[in-house]
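S.K.: Following the working numbering from start to finish, the sequence shown increments by one per residue and tops out at 1122.
All residues carry an ideal CB built from backbone N, CA and C; glycine is no exception.
One structure follows; several queries about it will come next.
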Amino acid sequence: MQGNKTCSVSGCAARVKPIFAFPHPKRGLDRFMAWVKAANNPKFAALTNAQIYRRGYICFQHFRPEDFVPESQRLRRSAVPTILPSRADTGISLRSLEANQIDVADVGPQTIDLTYLSPKKEWPYFYAISSLSPRKRRSPSSQSLDTELETPRAGGTCSSGIPGQQQNFGAGNILDRIGVKKRRLIDFTPSEQKLYGEAKRLQRQVGRLQRQAQKRKNALHSARKLLRDRRFVELIEGLSPVQQRFFENQIRNVNRKPKGRSFTFEEKADAIAIWKNGPKTYKLLSKMFTLPSIDTLRATLNRVPIEPGINKPIFEVLGKQVSRKMDPKYNLCTLIFDEMSIQPHLDYLPCEDRVVGFEDDGTTRTKKIADHVCVFMLRGIFGRWKQPVAFAFCKNSMPAVNIVRFYKEIVKEATAIGLNIIASVCDQGTTNSAAIDMLLQDTKRRAILENGTGIKENVIRIGDHEIIPLFDPPHLLKSMRNNLLTKDLLYLDKAGVERRASWSFFERAYGLDQMLGENVRMMPKITIDHVKPNLRGKKMKVRYASQVFSRGVSSFMNFCSDRRFGGSLPLDAQYTSDFFLFMDSVFDSVNGGFGDCGGKNLRKLVGVNNYHHSCWLEGKRMFSNMRFEPRKAGDQAKPPVLQGWYRTLNGFMIIKETLKKLGYNFFPARAFNQDPLENFFGQLRQYGVRYTNPTCRAFVPFYKSLVMKNFCSYHSRGSNCEQDDDSFMVTIREFLGLQINRKCIEDQWKPPPVPDRVSKDNIYDQNIIGYIGGFLVKHMPKPLDCEICRCNLIHNGVPDIQYHGLVEKKEYDGENRRLQYTNVEFPTQPVEADIVNNIQALEIVFYSEGILWIPSCPVLPPPHCCHLVVAPNLKFQM
């Protein structure tokens, strides 16, 4: 150990750290020779070079500050001891090194006294260590009485070669500054010894803090110097915000202990996105890089106040975001809502003391187990942003009445903060259509009552705000294909002649295309899943419908039905080809505006030309005259999809007029669909990796994780829509500290009414009193140390068969009673809260295999009993 090694310099013999071994003679003979010459130790004359290398050491006091590596105890490779005590030449014979001697005459010895060397900020930090203090700590009582306290040698001065340098606050300086002349430990009283020891400890602490401050100062200086480097600035500016945060995090937390690391909220949110995408990957990355712990990420998620219902904090933050926007066109948005199936399951949350998994819309809970979640989202028309604002758990589908209530409240909240909802978009689900019809009827009724006249068709008015309801065009396209699979379609062409479109012609065209071979196919995208989507569950995929209703398929069918080219298909197949081309044009007119239009005029922004308006007029005429030919009982000649297309095209015409009045002549039609919400659902399912069907309990943290970061909104592979580049308007950070008030939630499942009085004549009621009373006594939160409480509550005598018969039957051993027998006379006293009468008012929720969960108990303690407090949460096995 270094503490047992002695300095070899003649006249020193110090044992302080750090102490350095001689350089290896075979690796640097010249330097080794200089060290031997500087040591001037007469004992070296009888030793070989190898023995001197193994036994010789020189302490740090003989080296200059520039001999050390900055901010380190290590010597430079060229360091030679030059601070040497005054002594006469001992005449060491270096017989074995005559051929390799070097002249060290230029390294003149300096006269010093080996005491505390003066510390400067450019000197190594260990220069503040005493050269005479022992390395092992010993209590004052264990030291020898003759041990002298650390003090400078008489007449000695410390000369470091730096003018104006002052001595360090050594042990002797402490006594000198306060005028104490005592120098031996035996001269001090025990109190003085403790005081002296405390002073030494504080002195070391000050030195340590000074070194830490200097270290931080040097790091800050290096950082400022780095920031002024043009190459570094160019490198940082070329990184994305996420990469910049990661780079900054690694630099800030380097060499820090795990509990001393700090992370910003953005860095935690980035880490949550990685963790949710792959827990095992996150564990591996945590070993390679400095990342927040998983417990930190869980704590961050738990602080986010998101619950079922309309999230008021989101609207508060949205209002701040809207107020910062200078251009009012970014406030124009649409309201979209849809449902996603989830796994029905009940879970108990101990931290919140409640069961989740039932229907819950934020204000009302029912006893039905939820298997769907309905999400409401706002999406910008001109600004590429989106923001989920509400969700509710429901059974099968959300009732139309609840949809109407959410619809109205969201519109009012959005209007209050400055957002302008132009339209709403949903699919043609039964409850969605019913809710839209209810809103339209309510608007017409109010308009008639207010002005005596109605309002224009297909417009919803909430307050003074008008909203145009639309149905999602991709879902309408899919519904049209699904109806055509089983029924032929009859429509009127431009000449007013009724034509027939049949799916069988498309099947025959696919067969002809297959005969051409794989390399020369005319419909390369069409597969068996397009022709028969029911075979492998592709019926609900929109792309299998949009790729059928395309110009490529239409042109091939038209080619095959043309007699000039052989007429492989019947002539009537041309009418199916015309219908496919019509559906392609209609879908392009309501699904364009973003990205490359591919040479199609209808894929451009609405308003660039008059193609959209002409297409919508023709579409309204076609859909109003279409009908399907029923093939079996129950088939509808005019299914809802025809009315849905008509109302949607009519709605787009109203939207064009509305935006034109606001001063916007162009708008993207694709801003009016459900793609962002469908992508959001796909991301929710992918967050669980294999857990693609989350429960109510899992949905909330998945929902939080997606809303927390914008960059994690990637496109879900295999999703039922196209990728959208919209980012979230706000993140969770901005309303992290807000709380959710769940006291407003009301349960529709009410407990049975409290009876006026339990009958004392009924033997069953009396035994129930004894059994439940004993159960409550057993679960008292405090031990019954009070003698009055014990006498009032516990029955110590022979059990009364009238009240304790049921309890006795439940005893395992009739001789040794283990159950509690309550004093049945006590609950019948006229106290403020009668346990017997209130026991039926307990809110009981069945949970997981017969375990009853009691979240609240209305029983109040009588005023004269100090321990009668019923536990708020009681569980017992049936």
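Roughly how many angstroms separate the alpha carbons of F559 and L693, rounded to a whole number?
M.R.: Taking the straight line from one Cα to the other gives about 32 Å.
S.K.: Enumerate in chain order the residues of its own chain whose CB-to-CB distance from A753 is below 8 Å, with the five nearest sequence positions on each side excluded.
M.R.: M767, V797, F800, M801, C804, L813 and A817
S.K.: In chain order, what residues of the same chain have a beta carbon less than 6 Å from the beta carbon of W747, not counting five sequence neighbours either side?
M.R.: L728 and L729
S.K.: How close, in whole Å, do the beta carbons of I302 and W279 come, if the pair is a contact with beta carbons under 8 Å?
M.R.: Contact between I302 and W279 holds, with the beta-carbon distance rounding to 7 Å and staying under 8 Å.
S.K.: What is the DSSP secondary structure of G553, counted as helix, strand or coil?
M.R.: Of the three classes helix, strand and coil, the one that applies to G553 here is strand, per DSSP.
S.K.: If you run the structure through DSSP and keep just helix, strand and coil, what is N917?
M.R.: coil
S.K.: Leaving out the 5 sequence neighbours to the left and right, which residues in its chain are closer than 6 Å to D732 when beta-carbon positions are compared?
M.R.: R744, S746 and E873
S.K.: Measuring alpha carbon to alpha carbon, tell me which residue in P536, I898 and P1043 is nearest E710.
M.R.: I898
S.K.: Flag this pair as touching only if the segment 604-618 and the segment 626-633 have three or more C-beta atom pairs under 8 Å; answer yes or no.
M.R.: no
S.K.: In angstroms with no decimal places, state the Cα-to-Cα distance between F276 and V450.
M.R.: Rounded to the nearest angstrom, the two C-alpha atoms are 38 Å apart.
S.K.: Below 8 Å, can you find three or more Cβ-Cβ pairs linking the segment 571-583 to the segment 661-677?
M.R.: Flag = yes, the segment 571-583 and the segment 661-677 touch.
S.K.: With which residues is G624 paired in a DSSP beta bridge?
M.R.: C577
S.K.: May I have a chain-ordered list of the alpha helix (DSSP H) segments no shorter than 4 residues that lie completely inside the segment 868-941?
M.R.: 884-905 and 919-931
S.K.: Just verifying my parser: in three-state terms, what is the DSSP assignment at P325?
M.R.: Per DSSP, reduced to three states, the secondary structure at P325 is coil, with no helix or strand assignment.
S.K.: Residues in the same chain with beta-carbon distance under 8 Å from L319, minus the five sequence neighbours each way, listed in chain order, please.
M.R.: F264, F307, D311, F312 and V313
S.K.: Could you tell me the alpha carbon to alpha carbon distance between C577 and N894, rounded to whole angstroms?
M.R.: Separation of C577 and N894 (C-alpha to C-alpha, rounded to the nearest whole angstrom) is 19 Å.
S.K.: Short of 8 Å in beta carbon distance, which residues of its chain neighbour A294, apart from the five on each side in sequence? Order them along the chain.
M.R.: P269
S.K.: With a floor of 3 residues, list each beta strand (DSSP E) that falls wholly inside the segment 608-661, ordered by position along the chain.
M.R.: 608-613, 616-624 and 629-638
S.K.: For E742, does the three-state DSSP call read helix, strand or coil?
M.R.: strand
S.K.: Considering only DSSP beta bridges, list what M584 is partnered with.
M.R.: V617
S.K.: If we ignore side chains and look at the alpha-carbon of each, how far apart do R649 and F824 end up?
M.R.: 39 Å
S.K.: Can you list, in chain order, the residues of its chain whose CB lies under 7 Å from that of A257, leaving out five sequence neighbours each side?
M.R.: T250 and C251
S.K.: Can you list, in chain order, the residues of its chain with a C-beta nearer than 6 Å to that of L545? Leave out the 5 residues immediately preceding and following it.
M.R.: P945 and K948
S.K.: Can you grab the Cα-Cα spacing for the pair N284 / D274, in whole Å?
M.R.: 16 Å
S.K.: For my contact list, E315 and K520 are in at a C-beta cut-off of 8 Å; report their separation, rounded to the angstrom.
M.R.: Incorrect: roughly 41 Å between the Cβ atoms, too far for contact.
S.K.: Please state whether DSSP places P262 in a helix, a strand or coil.
M.R.: coil
S.K.: Which of helix, strand or coil does DSSP assign to T433?
M.R.: coil
S.K.: Buried or exposed for H465, going by 16 or more other Cβ atoms inside 10 Å?
M.R.: exposed
S.K.: Does DSSP put P1071 in a helix, in a strand, or in coil?
M.R.: In this predicted model, P1071 has a pLDDT of only 45, less than 50, meaning its place in the structure is not dependable; the value taken from the coordinates is given anyway. Reduced to three states, the DSSP call for P1071 is coil.
S.K.: In angstroms, rounded to a whole number, what distance separates the CA positions of V253 and L328?
M.R.: In this structure, the CA atom of V253 is about 8 Å from the CA atom of L328.
S.K.: Considering only residues of the same chain and omitting the five flanking positions on each side of F304, which have a CB-CB separation below 6 Å?
M.R.: P262
S.K.: Cutting at 7 Å between CB atoms, please list the residues of its own chain near N845, excluding the five before and the five after it.
M.R.: Sequence-distant Cβ neighbours of N845 in its own chain, meaning closer than 7 Å and more than five residues away, are N853 and Y855.
S.K.: Using only CA atoms, which one of V885, V566 and S641 lies nearest to N869?
M.R.: V885
S.K.: According to the neighbour-count rule (16 or more other Cβ atoms, all chains shown, within 10 Å of its Cβ), is P485 buried or exposed?
M.R.: exposed
S.K.: Find out if the Cβ-Cβ distance for the pair G707, N575 is shorter than 7 Å.
M.R.: no
S.K.: Three or more beta-carbon pairs under 8 Å between the segment 594-604 and the segment 637-646, yes or no?
M.R.: yes
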